[in-house]
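*Asks:*
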Amino acid sequence: MFYTGWPIHSTGWLPLKHRGADMNSLITLGTTAAYGYSLLVTLVPGLLPEDVREVYFEAVGVILTLILLGRLLEARAKAGTGEAIRSLLGLQARTARVIRDGTEAEIPVGDVAVGDEVVIRPGEKVPVDSVVLSGTSAVDESMVTGEPMPVTKHAGDTVIGATVNTTGSLRVRASKVGADTMLARIIRLVQQAQASKALIQRLADTVSAYFVPAVIAIAVATFALWYTIGPAPALTLALVSVVAVAVAVAVLIIACPCALGLATPLSVMVGTGKGAQAGILIRSAEALETAHKLDTIVLDKTGTVTAGKPVLTDVHTADGFQDEELLALVATAEADSEHPLAGAIVAGARERGLTPLAASGFDSVTGKGVKATVDGHTVLVGTARLLADGDIDTGALTEVAAGFSAERRTPVLAAVDRRPAGVLAVADTIKDDSVQAIAALHRLGLQTVIITGDNAHTAAAIAAQVGVRRVLAEVLPEHKADEIRRLQAEGRTVGMVGDGINDAPALAAADVGLAIGTGTGTGTGTGTDVAMEAADITLFSGSLTGVVTAIRLSHATMRNIRQNLFFALICNAVGVPLAAGALYPLWGIRLSPIIAAAAMALSSLSVVTDASRLRRWHTSPLPAATAQPVEPRVESAADRTPALTATAAHEHHHQPEPAVGEEPQPGIEDRAVDPVCGMHLNPSTATERHDTDNGSYFFCSAQCAAAFDAHPDHYLAPAGNRAPEENESR
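Shown next, in the form of structure tokens:
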């Protein structure tokens with residue numbers, strides 16, 4: 000009672016002291032009542048008639064033994080649900096071959112420092128996150144991304160710690176070690192997710208909070224009923240009191256809502272663990288639950304639906320310009336830009352053997368393009384809106400740009416010294432699995448929407464190719480979150496899938512944000528890291544298939560939780576009346592406290608066993624599919640009404656960009672720009688503010704602020720996003 004049962008009693012009495020009660024309180028009250036009555040019979044038997052001197056010491060011992068045995072079995076079953084964490088921990092390499100002072104030495108992986116050169120031979124695990132210095136090899140990343148095919152790595156590519164080098168030798172430089180590695184981060188976030196509570200678990204906790212006092216009241220009422228009515232005349236009044244105590248104790252024991260408390264967290268542990276094994280990092284139980292409610296999936300185009308690796312295909316020049324001359328000017332202007340289209344143009348110029356020119360005054364205009372002074376010429380490269388903002392007539396370029404768009408190529412307009420100079424075409428390929436994944440989402444009953452800053456013609460062509468019926472085109476990065484809110488205002492439950500820094504606000508605004516992770520490329524850049532911080536779910540495979548898998552896993556987990564809750568509630572709904580003596584008037588049957596304890600332990604164990612069934616869930620390959628012929632409904636910037644845009648912007652605490660030719664709205668000069676995601680916001684309503692030597696910086700979310708703190712030099716710019724009074728140059 001006191002030694003073995005102390006862990007139960009110590010937690011059971013505490014809430015009672017504060018006029019509360021929990022599941023342990025029911026066990027404590029029941030066993031204390033039985034033990035106290037037995038102690039009274041033993042110490043002062045003369046106070047009671049001979050026919051009621053029955054003790055329950057053995058019942059108390061058996062009850063506590065059964066309960067503790069049930070908890071032992073539960074603990075073992077729970078340990079099974081944590082196999083994902085253990086398997087992730089088992090992936091870590093134990094040693095690393097480090098080059099120090101020109102000598103190769105094998106040291107514990109914990110002693111590897113950032114900057115160390117490491118040699119990885121075929122068949123060995125990559126010890127820490129690193130950048131390849133030399134060598135070429137195929138690396139098996141399946142343990143992190145869930146993708147079975149090895150990925151070829153070359154100099155400059157990143158390799159993730161715990162992945163396996165399969166074919167060639169690599170020499171790498173350690174970039175992240177210890178708790179900063181990708182594997183450590185995955186383990187940490189999975190543990191946090193497994194400890195979090197889903198909304199349905201909070202409902203179960205609320206039910207338990209009312210259920211326990213109700214059971215105590217039922218036990219008191221049961222005692223009173225048996226004591227006053229009793230099974231007379233078979234028993235004397237004194238014996239009736241003993242039976243009443245036994246029945247009340249049975250009610251308290253069998254009604255313990257242990258099964259109700261276990262129903263959700265065990266399934267969440269298994270679900271998040273299975274997700275980690277499939278390359279899906281779920282940050283919270285709430286995200287796992289909400290994913291099964293989604294009815295709309297918004298897909299960022301570049302890097303999500305397409306490969307995000309565009310190539311330069313065409314250069315069309317206006318009168319007075321030569322192809323190589325224009326390409327050299329444009330490539331030089333784009334050299335400092337991180338946009339994928341800029342990278343394609345720079346790479347195209349390099350392949351053609353063009354030499355970069357002298358450039359200065361680089362300025363990136365979010366969502367529109369870049370401005371720079373190249374070899375004494377003022378060069379604008381980007382969208383038609385960028386050129387229109389500079390009062391440059393784009394009429395001569397419109398037809399050419401439309402032709403490129405119709406061919407699923409993105410047109411990039413250029414102007415030199417305020418003259419339209421030409422159009423460059425950049426093409427991005429559709430990811431191999433995009434069509435299959437989108438078809439699978441449709442089979443799950445979800446609607447898909449593509450959101451992009453690209454022009455309406457190109458966006459519509461891409462959407463038609465993958466079978467998406469709705470397109471939001473020409474959306475500036477800072478307005479993506481507003482478009483998510485607009486869809487939510489239509490009554491939709493929205494999931495946003497993106498991969499870049501400009502997707503972070505939209506990922507945070509969506510009901511569930513899904514970030515495309517490293518995939519098979521060269522690793523995560525800062526933008527992808529920010530997207531992952533803002534997202535609820537990260538897909539390390541870099542594939543849209545992960546979206547389908549995450550939603551299927553959510554459905555399977557919630558189905559398992561509902562089964563567990565149903566079983567737990569049925570056990571209590573049936574058990575309490577039986578323990579109270581519902582069968583006694585008909586067949587003279589009543590449950591002893593020992594049987595009640597066994598039934599309670601069995602119900603908890605049954606819930607644990609059912610939750611463990613989820614461990615058999617596994618991913619399945621998507622069936623081959625072709626895009627259904629569709630005529631996408633495209634909403635461009637001109638189609639979105641000012642009223643809707645203004646409303647969405649107000650809800651997000653910033654004003655919309657003024658349209659070309661319009662006067663700025665009042666107060667627009669008082670806005671700041673989040674240096675991480677580029678969102679325009681009101682300094683007075685910003686989530687966070689950081690003061691630096693360069694001025695004050697404002698952030699739309701804690702995630703963006705954290706990203707800034709981690710890499711301030713990456714985001715600091717001469718203009719920054721300082722408050723107007725501190726930065727007169729804005």
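Everything in the sequence shown is counted per numbering that gives the first Met the number 0, starting at 0 for the first residue and increasing by one.
By construction, the Cβ of each residue, glycine as well, lies at the ideal position given by its N, Cα and C atoms.
1) How would you label residue 350, buried or exposed, when you count the other beta carbons within 10 angstroms and need 16 or more for buried?
2) Taking residue 478 as the reference, give the member of 422, 508, 553 with the closest Cα.
3) On the CB-based measure, 16 or more other CB atoms within 10 Å of its CB, does residue 4 come out buried or exposed?
4) Who are residue 565's beta bridge partners in DSSP?
5) Decide if the stretch 544 to 552 is in contact with the stretch 274 to 294; the criterion is three or more beta carbon pairs, one per stretch, under 8 Å apart.
6) Give me the DSSP bridge partner(s) of residue 376.
7) Rounded to whole angstroms, what's the CA-CA distance from residue 583 to residue 223? Just pull it up for me.
8) To the nearest angstrom, report how far apart residue 438 and residue 511 are at their CA atoms.
9) Around the C-beta of residue 739, are 16 or more other C-beta atoms found within 10 angstroms, so that it is buried, or is it exposed?
10) So residue 344 is in the alpha helix (DSSP H); what residue range does that whole segment cover?
11) Report the residue ranges of all beta strand (DSSP E) runs contained in full by the stretch 449 to 491; include only those spanning at least 3 residues, in chain order.
12) For the stretch 398 to 413 against the stretch 423 to 436, do three or more pairs of beta-carbon atoms, one drawn from each stretch, fall closer than 8 Å, so that the two count as touching?
13) Return helix, strand or coil for residue 294, following the three-state DSSP convention.
14) Can you name the start and end residues of the alpha helix (DSSP H) that residue 123 belongs to?
15) Could you tell me if residue 253 is buried or exposed, where buried requires 16 or more neighbouring beta carbons within 10 angstroms of its beta carbon?
16) Look at the Cβ atom of residue 566, then the Cβ atom of residue 605, and state whether they are nearer than 8 Å.
17) With a threshold of 8 Å on Cβ separation, who are the neighbours of residue 360 within its own chain once the five nearest residues in sequence on each side are excluded?
18) Check residue 315 in the structure and name its three-state DSSP category.
19) Report yes if the CB atom of residue 33 is closer than 8 Å to the CB atom of residue 248, and no otherwise.
20) How many Å lie between residue 317 and residue 626 at the Cα?
21) What's the call for residue 719, buried or exposed, on a 16-neighbour Cβ count within 10 Å?
22) Can you tell me where the beta strand (DSSP E) holding residue 399 begins and where it ends?
23) In angstroms with no decimal places, state the Cα-to-Cα distance between residue 658 and residue 474.
24) Using only the alpha-carbon positions, how far apart do residue 445 and residue 293 sit?
25) Using only alpha-carbon positions, find the residue among 42, 331, 382, 384 that is nearest to residue 358.
26) Could you check what DSSP says for residue 131 in three-state terms: helix, strand or coil?
27) Look at the alpha carbon of residue 635 and the alpha carbon of residue 381, and state the distance between them as a whole number of angstroms.
28) I want to know whether the stretch 299 to 312 touches the stretch 325 to 344 - three or more CB-CB distances under 8 Å.
29) Just to check my reading of the structure: residue 128 and residue 160 have Cβ atoms closer than 8 Å, yes? What is that Cβ distance to the nearest angstrom?
30) So for residue 583, helix, strand or coil by DSSP?
31) Identify, in the order they occur along the chain, each residue of the same chain with its Cβ nearer than 6 Å to the Cβ of residue 665, setting aside the five sequence neighbours on each side.
32) Nearest by alpha-carbon distance to residue 561: which of 434, 170, 107, 261 is it?
33) Whole angstroms are fine: how far does the CA of residue 456 sit from the CA of residue 642?
34) Going by DSSP in three states, residue 3 sits in which element: helix, strand or coil?
35) Evaluate the contact criterion for the stretch 115 to 132 versus the stretch 91 to 106: three or more CB pairs, one atom per stretch, below 8 Å.
36) When we look at the beta-carbon of residue 419 and count the other beta-carbons within 10 Å, is it buried (16 or more) or exposed?
*Replies:* Answer, in terms of the structure:
1) exposed
2) 508
3) buried
4) Answer is none; residue 565 lacks a bridge partner.
5) yes
6) 373
7) 16 Å
8) 20 Å
9) The structure shown has nothing for residue 739, since the chain only spans 0 to 729.
10) 339 to 350
11) 469 to 471
12) yes
13) coil
14) Counting along the chain, residue 123 falls outside any alpha helix (DSSP H), and DSSP gives it neither H nor E.
15) buried
16) yes
17) 370, 371, 372
18) strand
19) yes
20) 37 Å
21) With a pLDDT of 35 at residue 719, under the threshold of 50, the modelled position of that residue is not reliable, and no figure is offered here.
22) From DSSP, residue 399 is part of no beta strand (DSSP E) but of the alpha helix (DSSP H) over 394 to 405.
23) Note that residue 658 scores a pLDDT of 33, beneath 50, so its modelled location is shaky; the value from the coordinates is reported in the next line. For residue 658 and residue 474, the distance between alpha carbons rounds to 13 Å.
24) 7 Å
25) 331
26) strand
27) 17 Å
28) yes
29) 5 Å
30) helix
31) Caution applies to residue 665, whose pLDDT of 35 falls short of 50 and renders its modelled position unreliable; the model cannot decide the point.
32) 261
33) Bear in mind that the predicted position of residue 642 carries a pLDDT of just 38, short of 50, making it too unreliable to give a figure here.
34) coil
35) yes
36) buried
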